[in-house]
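I have placed the structure first, in the form of structure tokens, so that the comments after it can refer back to it.
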Amino acid sequence: MPFSEKHTFAIEQAVELLNRDQVVGLPTETVYGLAGAIDSKIALRKIFTLKERPFFDPLIVHISDFSQIEPLINCNVDHMIRTLAQKFWPGPLTIIFYKSDLVNPLITSGLETVAIRIPNHPIALEVIRRLGKPIAMPSANKFSKTSPTSAEHVIESFRGSDLFVLDGGASKIGLESTVIRIKGKDKDVNIEILRPGFITKDDIHQAIPGIKTINYLNSISSPGNIEHHYMPEKPLIIVDQHISKISPEFLTQTCSRLNTSFSKPMFLTLNQNPQIAARELYSKLRDADNLDIDVIFIPKPPSQEGLWAAIWDRLNKAKTLNLTLP
Ligand code: TXA
Ligand code: MG
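Each residue of the sequence shown is one higher than the one before, starting from 25 at the first, in the numbering used here.
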């Protein structure tokens with residue numbers, strides 16, 4: 025793919041930095057990531073330090089081509105994996121595999137498994153191709169805070185850290201990849217969804233007819249699946265009514281009933297179209313943080329099916345409180 029002169033230069037810069045044990049901010053179709061070469065212990069440690077992320081929370085390895093997978097894993101690439109890869113890669117699906125010795129335990133937090141995906145963003149793919157090796161890349165936000173969907177968000181999150189960020193435009197999807205694990209064999213095989221994302225349960229069922237899928241959302245099997253995550257700086261309150269039906273006075277009264285002293289509420293809305301709602305969510309939360317308000321109200325998503333499941337998951341972890349109004 026032809027890149028603009030500006031992007032070509034920035035891609036070269038990013039590759040050079042990655043070759044020198046540095047970390048860089050990179051665009052992907054889901055959210056922006058903080059990348060380091062998988063064979064650089066220095067860069068891997070920097071990722072955790074910069075993000076203030078605990079070492080128990082493993083990173084996703086990003087590759088640019090399916091052929092890069094074999095050296096990273098210690099299991100067979102069977103028909104199901106090939107089908108999932110053909111259908112969803114490059115794209116917002118992360119698959120957990122048993123890992124080979126080549127994958128540094130720093131990446132996997134000492135687990136026997138490694139998470140892998142091929143991102144669907146020409147710039148991220150070109151950086152990995154030119155580097156000639158995979159990168160480890162978590163979302164480019166401070167641990168437990170709202171994820172970034174633009175280069176500005178990354179710069180804002182790491183202000184003062186002298187981080188190189190490659191600007192590839194706004195992330196088209198806006199929510200992190202779906203993380204899955206394949207469990208069991210033959211007739212007893214099923215797919216566990218460790219983190220819901222843009223690839224929904226239905227998408228997986230369509231790709232592999234008859235497969236059983238299980239939600240494993242609150243399991244310790246996904247160490248990053250902690251209770252509070254994606255949180256804006258201001259308190260976020262989910263309300264179960266349509267925001268237009270709630271008067272600001274009523275909410276302020278409710279807050280005082282809850283023993284709080286919010287005086288400048290802000291009312292966010294979710295687009296009816298879940299793809300747009302997903303794309304906008306993190307930037308709406310970040311914009312709200314930068315305004316002169318002291319509490320953010322957001323309505324409960326209209327459904328928990330399809331892509332709404334992922335939106336619901338993120339809101340539930342980002343919230344301070346769930347409020348049911350009479
Ligand atoms: O869309 C995405 O996946 C983005 C972009 C940058 O690619 N990356 C991302 O990475 O969301 P991060 O580090 O923010 O989230 C990775 C999630 C965490 O919840 C982590 O616990 C889980 O993947 N994970 C990583 N390795 C795992 C493993 N071996 N077993 C289970 N869960 C794993
Ligand atoms: Mg993250």
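Backbone N, C-alpha and C fix where the C-beta goes; we use that ideal spot for every residue, glycine too.
Predicted, not measured: the structure shown is a model, and the values here were computed from it.
Closest by CA to I215, which one among L292, D264, L117 and K196? L117
Going straight from the alpha carbon of I320 to that of F79, what length do you get? 31 Å
Stretch pair the stretch 163-174 + the stretch 55-67: three plus CB contacts closer than 8 Å: yes
Best match in K70, F90, I204 and V48 for proximity to F222 [C-alpha to C-alpha]: I204
Between D45 and the rest of its own chain, which residues show a CB-CB distance below 7 Å, the 5 nearest in sequence each way excluded? S64, I66 and A67
Selected residue, minimal CA-CA separation from L149, among A139, D89 and A160: D89
Going by DSSP in three states, E40 sits in which element: helix, strand or coil? helix
So L364 and A160 are supposed to be a Cβ contact under 8 Å. How far apart are they, rounded? The structure shown does not extend to residue 364, since the chain is modelled only from 25 through 350, so no value can be given for it.
At which residues does the alpha helix (DSSP H) containing N340 begin and terminate? W332 to A342
Please state whether DSSP places M290 in a helix, a strand or coil. strand
For my contact list, L155 and L126 are in at a C-beta cut-off of 8 Å; report their separation, rounded to the angstrom. So it is not a contact: roughly 16 Å between Cβ atoms.
Reducing DSSP to helix, strand and coil, say where K236 ends up. strand
Name the residue from P26, T137, I152 and K75 whose alpha carbon lies nearest to the alpha carbon of L19. Given a span of 25 to 350 for the chain in the structure shown, any question on residue 19 remains unanswerable.
Using a Cβ-based criterion (distance less than 7 Å to any ligand heavy atom), does E36 qualify as near the ligand MG? no
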